[in-house]
Amino acid sequence: PLWRALQPPPLRRPPPRRAGSSGARSRLYEHAREGWLSWPRLDVAGLSERLSEAERDVEARKGPLKAPDLREIVTAWERLNQVQEEIAKFTAEKERVRTEVYNFTQSHDESTLQSLPVYNALVKEGREIRFRLKALRQEEVELQEKYYPPALKLPNRIHPDVQFGEENEPRIVEIIGEKPEFDFEVKGHLEVGENLDIIRQRRLSHISGFRSYYLRGAGALLERALVQFAFSKLIRKGFIPMCVPDLVKGAVFEGCGMLPEVHSSLVYSIDPSRFEDLNLAGTSEVGIAGYFADHAVALKDMPVRIVCSSTCYRAETEKGKEPWGLYRVHQFTKVEMFGVTANETGLESSALMEEFLTLQKEIFLELGLHYKVLDMPPHELGLS
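Dropping the structure here:
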């Protein structure tokens with residue numbers, strides 16, 4: 001099979017929900033704690049070895065974590081490991097004592113047992129081990145709540161080719177094609193679409209609110225044609241087509257580096273009094289990532305390439321200059337390329353990204369478009 005399910009941990013009664021040290025609730029941590037996902041394995045040992053670089057990356061991304069949080073994460077992780085090692089040691093001791101006590105009960109009657117010093121010592125030792133384990137497990141829970149919520153907000157490492165600078169503006173990598181020139185007055189896409197009666201964006205505040213639109217006739221057909229054009233090309237390149245849910249749990253958003261509470265200006269959340277923890281996806285990337293969550297992909301099947309067309313929902317409530325035309329709208333259709341790759345050499349991810357970039361350039365070239373390729377600054381990368 002392409003992938004196999006990983007065995008989740010046994011369900012436990014969860015303690016009350018708490019915010020992590022970074023201030024925001026971690027649904028990804030709650031999902032793991034409640035048994036829906038396996039505990040995430042984070043390379044904190046590697047983080048501690050490159051702490052200065054990681055602190056620079058965290059500050060550059062301008063996310064929920066700050067540089068001092070990293071040292072707290074490492075400290076909590078180190079103590080958590082110590083506690084879990086002690087739990088494993090005392091659990092083994094508890095099993096040894098249990099076996100020895102059982103052997104005594106099988107070879108002596110109950111009245112004789114009480115007079116055996118060795119038996120009584122074992123019973124006392126077992127009681128002390130149980131008390132010790134209870135204290136250690138309580139400390140383990142407290143350390144998990146201290147460690148996981150902020151640690152699960154750690155961003156990926158910034159690629160060494162990404163430019164750091166005070167201006168924090170995208171860097172133009174290349175400009176493809178010639179900008180077309182016309183011997184007549186150029187009109188924007190919205191004006192052209194309205195004149196042809198294939199786009200409507202006016203007089204919709206009483207229907208669907210601002211930043212919404214209708215596509216009609218050739219406009220609707222054009223959207224379908226563009227989606228099918230990209231889909232067909234990518235399937236020929238070996239991509240697997242996929243349809244995904246529009247409504248996704250907050251833990252999956254968080255696993256993709258987006259926190260619904262923090263990014264409330266971007267994410268539509270369903271009324272929690274009726275449907276707890278459901279959000280409208282702003283990209284099919286979230287649903288695809290959820291598909292692969294808690295599964296292992298066979299090395300021989302990597303990289304896995306997925307293509308998905310979905311309706312994307314964006315709240316876009318941040319204040320600023322009102323966009324013009326079909327830009328920063330609340331709902332749109334997008335074709336997404338998504339890849340799952342190995343990390344055997346450390347170069348697989350970059351190679352797949354270059355492959356995806358080449359495919360995007362081919363699509364733009366075949367459509368006859370003039371465009372720029374931009375290298376985005378760190379703060380535009382989110383936590384991905």
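If you read the sequence shown in UniProt numbering, its first letter stands for residue 1, the second for the next number, and so on.
A virtual CB, placed ideally from N, CA and C, is assigned to each residue, including glycine.
Going by DSSP, proline 241 is part of the beta strand (DSSP E) stretching over 240-242.
Tyrosine 291 sits in a helix when the DSSP states are folded into three classes. Taken atom to atom, the span from the alpha-carbon of glycine 282 to that of glutamate 194 is near 26 Å. Rounded to whole angstroms, the separation of the alpha carbons of alanine 225 and phenylalanine 338 is 21 Å.
Going by DSSP, glutamine 331 is part of no alpha helix (DSSP H) but of the beta strand (DSSP E) stretching over 331-340. Between the segment 211-231 and the segment 264-271 there are fewer than three C-beta pairs closer than 8 Å, too few to call the two in contact. Secondary structure of valine 97 (DSSP, three-state): helix.
Assignment of alanine 296 by DSSP, reduced to helix, strand and coil, places it in the strand class. By the Cβ test, the segment 168-178 is in contact with the segment 369-381, since at least three Cβ pairs between them sit closer than 8 Å.
Assignment of threonine 311 by DSSP, reduced to helix, strand and coil, places it in the strand class. By the 16-neighbour rule on beta-carbons within 10 angstroms, cysteine 256 is buried.
By the neighbour-count criterion, in which a residue is buried when 16 or more other Cβ atoms sit within 10 angstroms of its Cβ, tryptophan 324 is exposed.
Contact annotation: isoleucine 306 and methionine 242 have beta-carbon atoms nearer than 8 Å. At a Cβ-Cβ threshold of 8 Å, lysine 153 and leucine 247 do not count as neighbours. Bridge pairing for leucine 280: Leu247 and Tyr268 [DSSP].
Fewer than three beta-carbon pairs drawn from the segment 38-50 and the segment 108-122 are found closer than 8 Å, and the two stretches are therefore not classed as touching.
In the three-state reduction of the DSSP assignment, aspartate 109 falls in the coil class, being assigned neither a helical nor a strand state. Residue environment: arginine 236 is assigned as exposed (fewer than 16 neighbouring CB atoms within 10 Å of its CB, all protein chains considered).
About 21 Å separates the Cβ atoms of aspartate 294 and proline 155, ruling out a contact at the 8 Å cut-off. It is roughly 17 Å from the alpha-carbon of glutamate 30 to the alpha-carbon of phenylalanine 275.
The Cβ neighbour count for histidine 330, taken over all protein chains shown within 10 Å, is at least 16; the residue is labelled buried. Within a 10 Å sphere around the beta-carbon of leucine 365 sit fewer than 16 other beta-carbons, which makes this residue exposed.
Counting C-beta atoms within 10 angstroms of its own C-beta, serine 310 has 16 or more neighbours from the protein chains shown and is therefore classed as buried. Bounds of the alpha helix (DSSP H) holding tyrosine 148 are 117-151.
Short of 6 Å from the beta carbon of glutamine 163, and not among the five residues preceding or following it, lie these beta carbons of its own chain, in chain order: Arg171. The way I'd put it, the segment 72-91 doesn't touch the segment 181-192; fewer than three beta-carbon pairs between them come closer than 8 Å.
Distance from proline 378 to arginine 61 at the Cβ level is roughly 5 Å; contact confirmed, criterion being Cβ atoms closer than 8 Å.
About 6 Å separates the beta carbon of valine 297 from that of valine 340, a gap short enough to meet the 8 Å contact definition. Less than 8 Å divides the Cβ of glutamate 348 from the Cβ of alanine 342. Short of 6 Å from the beta carbon of alanine 54, and not among the five residues preceding or following it, lie these beta carbons of its own chain, in chain order: Leu47 and Leu70.
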